[in-house]
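Listed in order, the protein sequences are those of chains D and S.
Going by our numbering, the first sequence opens with residue 1, and the numbers climb by one from there.
Going by our numbering, the second sequence opens with residue 1001, and the numbers climb by one from there.
Below is one structure, written out as C-alpha cells; the observations come after it.
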Amino acid sequence: EAGVVQSPRYKIIEKKQPVAFWCNPISGHNTLYWYLQNLGQGPELLIRYENEEAVDDSQLPKDRFSAERLKGVDSTLKIQPAELGDSAVYLCASSLAIFGELFFGEGSRLTVL
Amino acid sequence: DAKTTQPNSMESNEEEPVHLPCNHSTISGTDYIHWYRQLPSQGPEYVIHGLTSNVNNRMASLAIAEDRKSSTLILHRATLRDAAVYYCILRDTNDYKLSFGAGTTVTVRA
C-alpha cells in the first residue's frame, strides 16, 4: 500500500516568491494534516481537514498561507509571498479516522533565500 | 493543551533495552498517551499509545504509572535503526489534536 506522498521533496526560492506543496494521502483516509517543522523542533500543526472541510486552521498564518483539499483527497499548501522565516520542512499526514494513527509523508523542505 | 516533559537526549548500546521516560503531571482523564518517533530525514511514525494499562506491540512497550502522571516507552533491544527522536504526546479525545514537543533524541552505539 502506498504511503503519504508529498512533492516536491526540496524547494529553494527567493523571498517574496510564491511556493506550493502537494500532498496525496493514503487512499481512504478522510483526515489530512499539514504540519510545519523548524530545525531541531517538533512538528507544529498548521491545519487539519476532515474530508474537504478545514476543521482546525487556527494555527495557519492566513495572511500568507492558504490550503485547499478539493474533492476531499489530495491537498495543496501555498505560501505567498514567502519570507526568510518560512524556511522549514512541511509535513503532510493522514489518518483513517479522526482519532486514528497518523501516517506522515517524508516532507517538503523549503529554503527561502 | 496538557504538556509532557522528556529528557533532551539518551544514549544506548546496541541490543540493550532503552527506557524513555515521560512526565505528564497535568494529564486529564480524556488524554491518551501517544508515542511517535522520527528517523533522520523522515516524517514521524506511530509507535504505540495507551490510556491506563500497559501496552505491548511489535515495536515497543508502554508502561503507564498507576496515577498516569508519567509513562515509559521501552525498546527491548535497541538496534541502530532505532536512533531517532522520540515524542511523547498527550492526545485529548475531545479535540484529537496531536501536539509535538521537542522529544528525546536517542543515540544507539554499535
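Think of the CB as a built atom: it goes at the ideal place given N, C-alpha and C, for glycine as much as any other residue.
Within 8 Å of any Cβ in chain S, is that where the Cβ of D/G105 sits?
In the first sequence, the residue the question calls residue 105 of chain D occupies position 105. True, the Cβ-Cβ gap to chain S drops below 8 Å.
Bridge partner(s) assigned by DSSP for S/H1049:
Taking the first residue of the second sequence as position 1, residue 1049 of chain S is located at position 49. S/H1034, per the DSSP bridge assignment.
Is DSSP giving D/R109 helix, strand or coil here?
Within the first sequence, numbered from 1, the residue matching residue 109 of chain D stands at position 109. Strand at D/R109.
Run through chain S and tell me which residues come within less than 9 Å of D/G72, C-beta to C-beta.
Numbered from 1 along the first sequence, position 72 holds the residue referred to as residue 72 of chain D. Result: empty, since nearest Cβ-Cβ is about 18 Å, beyond 9 Å.
Distance cutoff 8 Å, beta carbons only. Does S/Y1087 sit that close to anything in chain D?
Numbered from its first residue, the second sequence carries residue 1087 of chain S at position 87. Chain D, which has a Cβ nearer than 8 Å to the Cβ of S/Y1087, makes this yes.
With a cut-off of 8 Å, do at least 3 Cβ pairs link the segment 65–82 of chain D to the segment 33–46 of chain D?
yes
Tell me the rounded alpha-carbon separation between S/P1013 and S/A1078.
Reading the second sequence from its first residue, position 13 is the one you call residue 1013 of chain S. Reading the second sequence from its first residue, position 78 is the one you call residue 1078 of chain S. Inspection of the sequence shows that residue 1013 of chain S is occupied by Asn rather than by Pro. If you take the alpha carbons of S/N1013 and S/A1078, they lie about 7 Å apart.
To the nearest angstrom, how far is the alpha carbon of D/S87 from that of S/Q1038?
Indexing the first sequence from 1 puts residue 87 of chain D at position 87. Indexing the second sequence from 1 puts residue 1038 of chain S at position 38. Computed Cα separation, rounded: 19 Å.
What separation, rounded to the nearest whole angstrom, lies between the Cα atoms of S/K1097 and S/P1044?
Stepping through the second sequence from its first residue, residue 1097 of chain S is reached at position 97. Stepping through the second sequence from its first residue, residue 1044 of chain S is reached at position 44. In a straight line, the C-alpha of S/K1097 is about 15 Å away from that of S/P1044.
For a contact defined as C-beta to C-beta under 9 Å, what are the partners of S/A1102 on chain D?
As a working mapping, residue 1102 of chain S is identified with position 102 in the second sequence. Within chain D, the residues near S/A1102 are G40, Q41, G42.
Straight-line gap, S/R1058 to D/E50 (C-alpha atoms, nearest Å):
Mapped onto the second sequence, residue 1058 of chain S falls at position 58. Mapped onto the first sequence, residue 50 of chain D falls at position 50. Distance between the alpha carbons of S/R1058 and D/E50: 30 Å.
According to the neighbour-count rule (16 or more other Cβ atoms, all chains shown, within 10 Å of its Cβ), is D/V55 buried or exposed?
Translated into positions along the first sequence, residue 55 of chain D becomes position 55. That one is exposed.
Please return the same chain residues whose Cβ sits closer than 8 Å to the Cβ of D/G105, not counting the five positions on each side in sequence.
As a first step, residue 105 of chain D must be located in the first sequence, where it is residue number 105. If we look at D/G105 and ignore the five residues flanking it on each side, its Cβ neighbours are G3, V4, V5, Q6, C23, L91, C92, A93.
Below-8 Å beta-carbon distance, S/L1098 vs any chain D residue:
Taking the first residue of the second sequence as position 1, residue 1098 of chain S is located at position 98. With 8 Å as the cut-off, S/L1098 counts as an interface residue toward chain D.
Nearest neighbour of D/D74, chosen from D/A97, D/I13, D/P25 [CA to CA]:
The residue given as residue 74 of chain D occupies position 74 in the first sequence. Looking at the Cα atoms, D/P25 is the closest of the given residues.
Hey, how far is the Cα of D/T111 from the Cα of S/N1008?
Position 111 of the first sequence holds residue 111 of chain D. Position 8 of the second sequence holds residue 1008 of chain S. Straight-line Cα distance between these residues: approximately 26 Å.
Under 7 Å Cβ-Cβ, which residues of chain D neighbour S/P1044?
Working through the second sequence from its first residue, we reach residue 1044 of chain S at position 44. Here the neighbours are P43, F104.
Looking at the C-beta of D/I98, does it have a partner C-beta in chain S at a distance below 8 Å?
In the first sequence, counting from the first residue as 1, residue 98 of chain D sits at position 98. It does; some Cβ of chain S falls within 8 Å.
For S/K1069, which three-state DSSP category applies?
As a position in the second sequence, residue 1069 of chain S is number 69, starting the count at 1. Of the three classes helix, strand and coil, the one that applies to S/K1069 here is coil, per DSSP.
Taking 8 Å as the threshold (beta carbon to beta carbon), is D/A67 in contact with chain S?
Here residue 67 of chain D refers to the residue found at position 67 when the first sequence is read from its first residue. Answer no: the Cβ-Cβ gap between D/A67 and chain S never drops below 8 Å.
Is the Cβ of D/E101 closer than 8 Å to any Cβ of chain S?
Within the first sequence, residue 101 of chain D is the residue found at index 101, counting from 1. Yes, because at least one Cβ of chain S sits closer than 8 Å to the Cβ of D/E101.
Checking 8 Å against the spacing of the C-beta atoms, do D/L60 and D/F21 come in under that value?
Residue 60 of chain D sits at position 60 when you count from the first residue of the first sequence. Residue 21 of chain D sits at position 21 when you count from the first residue of the first sequence. No, these two residues do not count as a Cβ contact at 8 Å.
Just to confirm the assignment: which complete beta strand (DSSP E) runs, minimum length 3, are found wholly within the segment 24–54 of chain D?
31–37, 44–50
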